[in-house]
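Engineer: Numbering follows full-length UniProt numbering, with no gaps: position 145 of the sequence shown is 145.
The C-beta atom is built at its ideal place from N, Cα and C for all residues, glycine as well.
This one's a predicted model, so the numbers in the text were calculated from it and none came from an experiment.
First the structure, which I've put down as structure tokens, then a few questions once you've had a look.
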Amino acid sequence: MSQHLEGQTAIITGGMRGIGLGIAKRLRQAGANIVIWDLNVDQWDASAAGFTPTLRQAVNVASLASVEAAFAEVVEQLGRVDILVNNAGINGPVVESWNYPVEAWDQVLAIDLTGVFYCCRTAIPHMRERQYGRIVNVASMAGKDGVQYISAYSAAKAGVIAFTKSAAKELAQDGVLLNCIAPAMVETGLMAEMTPEHIAASKAKIPMGRFLQIEEIANMVTWIAGPECSFTTGFVFDLSGGRATY
Ligand SMILES: NC(=O)c1ccc[n+]([C@@H]2O[C@H](COP(=O)([O-])OP(=O)(O)OC[C@H]3O[C@@H](n4cnc5c(N)ncnc54)[C@H](O)[C@@H]3O)[C@@H](O)[C@H]2O)c1
Numbered sequence: 001m002s003q004h005l006e007g008q009t010a011i012i013t014g015g016m017r018g019i020g021l022g023i024a025k026r027l028r029q030a031g032a033n034i035v036i037w038d039l040n041v042d043q044w045d046a047s048a049a050g051f052t053p054t055l056r057q058a059v060n061v062a063s064l065a066s067v068e069a070a071f072a073e074v075v076e077q078l079g080r081v082d083i084l085v086n087n088a089g090i091n092g093p094v095v096e097s098w099n100y101p102v103e104a105w106d107q108v109l110a111i112d113l114t115g116v117f118y119c120c121r122t123a124i125p126h127m128r129e130r131q132y133g134r135i136v137n138v139a140s141m142a143g144k145d146g147v148q149y150i151s152a153y154s155a156a157k158a159g160v161i162a163f164t165k166s167a168a169k170e171l172a173q174d175g176v177l178l179n180c181i182a183p184a185m186v187e188t189g190l191m192a193e194m195t196p197e198h199i200a201a202s203k204a205k206i207p208m209g210r211f212l213q214i215e216e217i218a219n220m221v222t223w224i225a226g227p228e229c230s231f232t233t234g235f236v237f238d239l240s241g242g243r244a245t246y
């Protein structure tokens, strides 16, 4: 396997499980030193994960102070951050928009959108200074299409896409590339927050007739996060099994 990320440092938010863990594994295989940011980083099963991260830090991406403190520690210990994968996210309740609990709305926006902003805001000055960086924001097909009963999630992910495009234009001449991915549904812990009807409806929308695999996401992210991705910024890479047509 290509070791094209040898010597680089990659931060993966929400990297303790699911898609984030899959991305972390794959970036490690490509040679990167892995830093995991998650709410609870106590129980790392090295034999199940197949690797041990260089650093694991308890970070709440919805807290700017928490993000800034963790980032400063990474720079102090490892000297550089080349890759940031903003993957941490929650689904929130599945309910009509007019009944959507205000507190849940605020929480979904705080983690799924403002958290991405906080992490980018913190990492970008360091990347600009080094004139190199790759930021991959995990959006969702929901952010392109809008999905009924998950309006907060869809709005947050649409916000991630627009934020990525805006910042990418600002940084286009600084060697810092920002892109996002828009995956269709994957079977992860996030599904526990969804109803069986919602899961079935999501699968029915995918022309390939199956759910996406974490490894498929990880392979795509590993390319976007590397130096071979050199002329694409502010783009949304779909992983939709044929669902996305624009
Ligand atoms: N599963 C899917 O079908 C799917 C589809 C499209 C996009 N996504 C997106 O992919 C990302 C990962 O989803 P997943 O399915 O692996 O979910 P998951 O619930 O399995 O994992 C999410 C991880 O994020 C962490 N996290 C949650 N809030 C956090 C916070 N405030 N600070 C730091 N870490 C936090 C959790 O502890 C967990 O480890 C999310 O952004 C999600 O919206 C998922």
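1. Quick one: is Tyr246 buried, meaning 16 or more other Cβ sit within 10 Å of its Cβ, or exposed?
2. Rounded C-beta distance between Val136 and Asn179? I'm assuming under 8 Å.
3. Within the stretch 49-122, note down every full beta strand (DSSP E) run reaching 3 residues or more, in order along the chain.
4. For Lys157, which residues of its own chain have a beta-carbon under 7 Å away from its beta-carbon, when the five flanking residues on both sides are left out?
5. Relative to ligand 1, is the shortest distance from any of its heavy atoms to the C-beta of Thr233 smaller than 7 Å?
6. Using only the alpha-carbon positions, how far apart do Ile11 and Thr232 sit?
7. Quick one: residues in its chain with C-beta nearer than 6 Å to the C-beta of Met185, no 5 flanking neighbours on either side, listed in chain order?
8. Distance check for Gly175 and residue 252, CA to CA, integer angstroms please.
9. Does the distance between the C-beta of Asn99 and the nearest non-hydrogen atom of ligand 1 fall short of 7 Å?
10. Quick one: does the C-beta of Trp37 sit closer than 7 Å to a heavy atom of ligand 1?
11. Which ranges would you report for the alpha helix (DSSP H) in the stretch 143-228 if only whole runs of at least 4 residues count?
12. Using DSSP's beta-bridge definition, name the partner residues of Phe237.
13. Where does Thr128 fall in DSSP's three states?
14. Quick one: is Thr114 buried, meaning 16 or more other Cβ sit within 10 Å of its Cβ, or exposed?
15. Look up Ala24 in the DSSP assignment and say whether it is helix, strand or coil.
16. For chain D, check one thing: does any of its Cβ atoms lie closer than 8 Å to the Cβ of Gly226?
17. Give me the Cα-Cα distance between Phe51 and Val74, rounded to the nearest whole angstrom.
Structural biologist: In brief:
1. exposed
2. 6 Å
3. 55-58 and 83-86
4. Asp112, Ala139, Ser140, Ala142 and Gly143
5. no
6. 21 Å
7. Ser202 and Phe211
8. Past the boundaries of the shown model lies residue 252; the chain is included only from 1 to 246, so the question cannot be answered.
9. no
10. yes
11. 151-170, 196-204 and 214-224
12. Ile181
13. Inspection of the sequence shows that residue 128 is occupied by Arg rather than by Thr. Residue state, collapsed to three classes: helix.
14. buried
15. helix
16. Protein chains in the displayed structure number just one, and chain D is not present.
17. 19 Å
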